[in-house]
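Laid out in structure tokens, this is it:
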């Protein structure tokens, strides 16, 4: 259990101090894993970092899961993952609770009126980036068919978005 406690402390520190996401957390994780606890050498850490960069998803959680597993087995991976996402999860729950409590406040309504358009722009930019990547990978016709099919499934037939994503993944897995 002492090892699990060390894993939790190491990844909790990097999770709470790594403001800016995974890339900001990498030096903090390296300090804990290499310098403080000596679980890995710098070379081994670099290899884990390279592996984490090669896989999709947030880098800090991938590294936490792998390093936690290497150091403490399956329980170590679970502890490291929870310690990595725990601080953000707690902050988000506290802030959402505050927003929900004051949702009728004019200040909160004003804040929402400023934030929602920014989120819409970011989502639109992400959509265009995905479409451009799809166009580069599979061409115009296939990209158009996927977009049109997804739109029709979502809007006309009210298919749940999870199923649309799963079908898209299946199509990509079969044809790409």
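Numbering (full-length UniProt numbering), first residue to last: 1 to 176. C-beta: ideal position from N, C-alpha, C; glycine also.
Checklist line | CA-to-CA distance, residue 84 to residue 31, given in whole angstroms | finding: Looking up residue 31 in the chain shown gives position 31. Looking up residue 84 in the chain shown gives position 84. So the two alpha carbons sit approximately 15 angstroms from each other.
Next item on the list: Specify the secondary structure class of residue 41 as computed by DSSP and reduced to three states.
Entry: Looking up residue 41 in the chain shown gives position 41. Per DSSP, reduced to three states, the secondary structure at residue 41 is coil, with no helix or strand assignment.
Next item on the list: Would you kindly check if the distance between the Cβ of residue 49 and the Cβ of residue 26 is under 8 angstroms?
Entry: Your numbering for residue 26 matches position 26 in the chain shown. Your numbering for residue 49 matches position 49 in the chain shown. Yes, Cβ-Cβ distance for residue 26 and residue 49 is below 8 angstroms.
Check: Does DSSP classify residue 160 as helix, strand or coil?
Finding: To locate residue 160, count along the chain shown from 1; it is residue 160. Three-state DSSP puts residue 160 in coil, outside helix and strand.
Notebook entry, point to check: Does the region 14 to 26 touch the region 97 to 105, meaning 3 or more C-beta pairs lie closer than 8 angstroms?
Noted result: Segments in contact, no.
Next item on the list: Confirm, please, whether the CB-CB distance from residue 52 to residue 63 is below 8 angstroms.
Entry: Here residue 63 refers to the residue found at position 63 when the chain shown is read from its first residue. Here residue 52 refers to the residue found at position 52 when the chain shown is read from its first residue. Yes, these two residues count as a Cβ contact at 8 angstroms.
Item checked: Chain-order list of residues whose beta-carbon lies under 7 angstroms from that of residue 33 (same chain, five-residue window excluded) -> Here residue 33 refers to the residue found at position 33 of the chain shown. For residue 33, where only same-chain residues beyond five positions count, the Cβ hits under 7 angstroms are 10, 39, 40, 45 and 67.
Next item on the list: Measuring alpha carbon to alpha carbon, tell me which of 16, 6, 107 and 65 ends up nearest residue 92.
Entry: Within the chain shown, residue 92 is the residue found at index 92, counting from 1. Ranked by Cα distance from residue 92, the first of 16, 6, 107 and 65 is 16.
Next item on the list: Report yes if the C-beta distance between residue 4 and residue 76 is below 8 angstroms; otherwise report no.
Entry: On the chain shown, position 4 is the one that residue 4 refers to. On the chain shown, position 76 is the one that residue 76 refers to. Annotated as proximal: residue 4 and residue 76, with beta-carbon spacing under 8 angstroms.
Next item on the list: Take residue 147 as the anchor and find which of 134, 163 and 82 has the nearest alpha-carbon.
Entry: The residue given as residue 147 occupies position 147 in the chain shown. With distances taken between Cα atoms, residue 147 lies closest to 134.
Notebook entry, point to check: What is the residue span of the alpha helix (DSSP H) that residue 55 lies within?
Noted result: Taking the chain shown and counting its residues from 1, one reaches residue 55 at position 55. Unbroken run through residue 55: none, as it is neither H nor E.
Next item on the list: Assuming residue 162 contacts residue 150 (C-beta within less than 8 angstroms), just tell me the rounded distance between them.
Entry: Locating residue 162 in the chain shown gives position 162, counting from the first residue. Locating residue 150 in the chain shown gives position 150, counting from the first residue. The pair is not a contact, with the Cβ atoms about 12 angstroms apart (cut-off 8 angstroms).
Check: What residues in its chain sit with their C-beta under 7 angstroms from that of residue 168, if we drop five residues either side in the sequence?
Finding: Position 168 of the chain shown, counting from 1, holds the residue named residue 168. If the five residues before and after residue 168 are omitted, its C-beta is found closer than 7 angstroms to the C-beta atoms of 146 and 150, all from its own chain and listed in chain order.
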